[in-house]
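Numbering (the numbering used here), first residue to last: 25 to 281.
Here's what the structure looks like:
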């Protein structure tokens, strides 16, 4: 494939890759990008099918990860939000020499609930897949509302998410369908013990998509990692609580340079 993903790079210092979630694009990081760029050389990607990478597609999480790896810095800290957290973990597993530190935000090794595992109910994901065929704009807006639900600043959070999405080309409907399939099917739980990088897991206590109890489950599955739960945040703590988010992140980066 000759076409490359869209990247925006800003700042000086050690390399930091930022990966957005389902239905979004790299503009979601705009609120915290100036502060991050004071400490790091920040590389913001639009995943295949999203934003300025609208024309590209990836069906599987492995393909999506390889496309990001193909044009990412040779070695960097990878920070992934939600679906982007799956990409970051997959990169750390597939190319550990390329991922020096790992940060996942409101992300789970398995997003879909199953048996005793907490997550998004499979019928909710199936509903989203069906609704995509009818009206994908409304489906993305509904997902934004779900992401902010529970946050004290929900209305403002949704507005910021919407502004980010609308500032770049609309997501490719096929990419949205592929992403929902990934969220429904990917399960990395058995591979977490293989992750050797310093790993920071960040959560919102009020998150309705990645329940905070998942954070405690991962204390057992990934004892080599560390976690932080933002008490009054939902699914997008970097939008609702940027100062607290940046403080925890920069402390982790400084302690593991």
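We put the CB at the ideal spot given by N, CA and C, even for glycine.
Please read all numbers here as calculations on a predicted model, not as lab measurements.
* **Residue closest to residue 103, alpha-carbon to alpha-carbon, out of 259, 120 and 129** => Taking the first residue of the chain shown as position 1, residue 103 is located at position 79. Closest option to residue 103, Cα to Cα, is 129.
* Neighbourhood of residue 201 by C-beta distance below 7 Å, restricted to the same chain and skipping five residues each side -> Taking the first residue of the chain shown as 1, we reach residue 201 at position 177. Hits under 7 Å: 153 and 156.
* May I have the straight-line CA-CA distance separating residue 224 from residue 53, to the nearest angstrom? => Walking along the chain shown from the start, residue 224 turns up at place 200. Walking along the chain shown from the start, residue 53 turns up at place 29. Each residue's alpha carbon lies about 18 Å from the other.
* Taking the alpha-carbon positions, what's the residue 213 to residue 110 distance? -> What you label residue 213 is simply residue 189 of the chain shown in a count that begins at 1. What you label residue 110 is simply residue 86 of the chain shown in a count that begins at 1. Spanning the two alpha carbons is a distance of roughly 11 Å.
* Asked: Enumerated in chain order, which unbroken segments of the beta strand (DSSP E) with a length of 3 residues or greater are wholly contained in the segment 97–135?
  -> 100–105 and 123–129
* Supposed close pair residue 193, residue 45 - CB separation, criterion 8 Å -> Here residue 193 refers to the residue found at position 169 of the chain shown. Here residue 45 refers to the residue found at position 21 of the chain shown. Not quite, the Cβ-Cβ distance comes to about 17 Å (not below 8 Å), so this is no contact.
* Classification of residue 255 by the beta-carbon crowding that lies within 10 angstroms, buried from 16 upward -> Here residue 255 refers to the residue found at position 231 when the chain shown is read from its first residue. The residue in question, residue 255, is exposed, as its Cβ has fewer than 16 Cβ neighbours within 10 Å.
* Starting from residue 66, trace the alpha helix (DSSP H) both ways and give me its first and last residue. => Stepping through the chain shown from its first residue, residue 66 is reached at position 42. Careful: residue 66 lies outside any alpha helix (DSSP H), inside the beta strand (DSSP E) at 64–70.
* Could you say which of 246, 136 and 269 lies nearest to residue 252 if we only look at CA atoms? => As a working mapping, residue 252 is identified with position 228 in the chain shown. Comparing Cα positions, the closest option is 269.
* Using 10 angstroms around the beta-carbon of residue 231, count the other beta-carbons present and answer buried if the total reaches 16, otherwise exposed. => The residue labelled residue 231 in the question sits at position 207 within the chain shown. Buried, since its Cβ has 16 or more Cβ neighbours within 10 Å.
* Opposite residue 251 in the DSSP bridges: which residues? -> To locate residue 251, count along the chain shown from 1; it is residue 227. BP columns for residue 251 point to 225.
* **Rounded C-alpha distance that separates residue 218 from residue 83** => The sequence position of residue 218 within the chain shown is 194, counting from 1. The sequence position of residue 83 within the chain shown is 59, counting from 1. Using only the alpha carbons, I get a separation of about 24 Å.
* Paired residues, beta bridge with residue 43 - DSSP -> Position 19 of the chain shown, counted from the start, is the residue given in the question as residue 43. Note: residue 43 sits in a beta bridge opposite 69 and 104.
* With which residues is residue 144 paired in a DSSP beta bridge? -> Position 120 of the chain shown, counting from 1, holds the residue named residue 144. Partner(s): 136.
* To do: May I ask you to list the residues that DSSP assigns as paired with residue 33?
  => Along the chain shown, one-based indexing puts residue 33 at 9. Partner(s): 67.
* Take residue 274 and list the residues in its own chain whose beta-carbon comes closer than 7 Å to its own, dropping the five residues that flank it on each side. => Here residue 274 refers to the residue found at position 250 of the chain shown. Cβ within range, chain order: 63.
* On the three-state DSSP scale, how would you describe residue 206? -> Within the chain shown, residue 206 is the residue found at index 182, counting from 1. Three-state DSSP puts residue 206 in a helix.
* Between residue 199 and the rest of its own chain, which residues show a CB-CB distance below 7 Å, the 5 nearest in sequence each way excluded? -> As a position in the chain shown, residue 199 is number 175, starting the count at 1. Closer than 7 Å at the Cβ level, and outside the excluded window around residue 199, lie 72, 73, 74 and 81.
* Could you please give me the residues that DSSP links to residue 38 through a beta bridge? => Residue 38 sits at position 14 when you count from the first residue of the chain shown. In the DSSP output, where bridge partners are listed per residue, residue 38 has 64.
* **Alpha-carbon to alpha-carbon, residue 181 and residue 188** => The sequence position of residue 188 within the chain shown is 164, counting from 1. The sequence position of residue 181 within the chain shown is 157, counting from 1. In a straight line, the C-alpha of residue 188 is about 11 Å away from that of residue 181.
* Asked: Anyone know if the C-beta pair for residue 95 and residue 29 falls short of 7 Å?
  -> For this step, residue 95 is matched to residue 71 along the chain shown. For this step, residue 29 is matched to residue 5 along the chain shown. Result yes, Cβ atoms of residue 95 and residue 29 sit closer than 7 Å.
* Asked: Which residues mark the beginning and the end of the alpha helix (DSSP H) in which residue 183 is found?
  -> Counted from its first residue, the chain shown places residue 183 at position 159. First-last of the alpha helix (DSSP H) with residue 183: 178–190.
* Asked: Under three-state DSSP, which class holds residue 25?
  -> Your numbering for residue 25 matches position 1 in the chain shown. Per-residue confidence for residue 25 stands at a pLDDT of 45, beneath the threshold of 50, marking its modelled position as unreliable; the derived number appears in the next sentence. Coil at residue 25, not helix or strand.
* Going by alpha carbons, who is nearest to residue 60 out of 69, 37 and 228? -> Counting from one through the chain shown, the residue named residue 60 turns up at place 36. Comparing Cα positions, the closest option is 37.
* **Extent of the continuous alpha helix (DSSP H) to which residue 164 belongs** => The residue labelled residue 164 in the question sits at position 140 within the chain shown. Where residue 164 is concerned, the enclosing alpha helix (DSSP H) stretches over 160–172.
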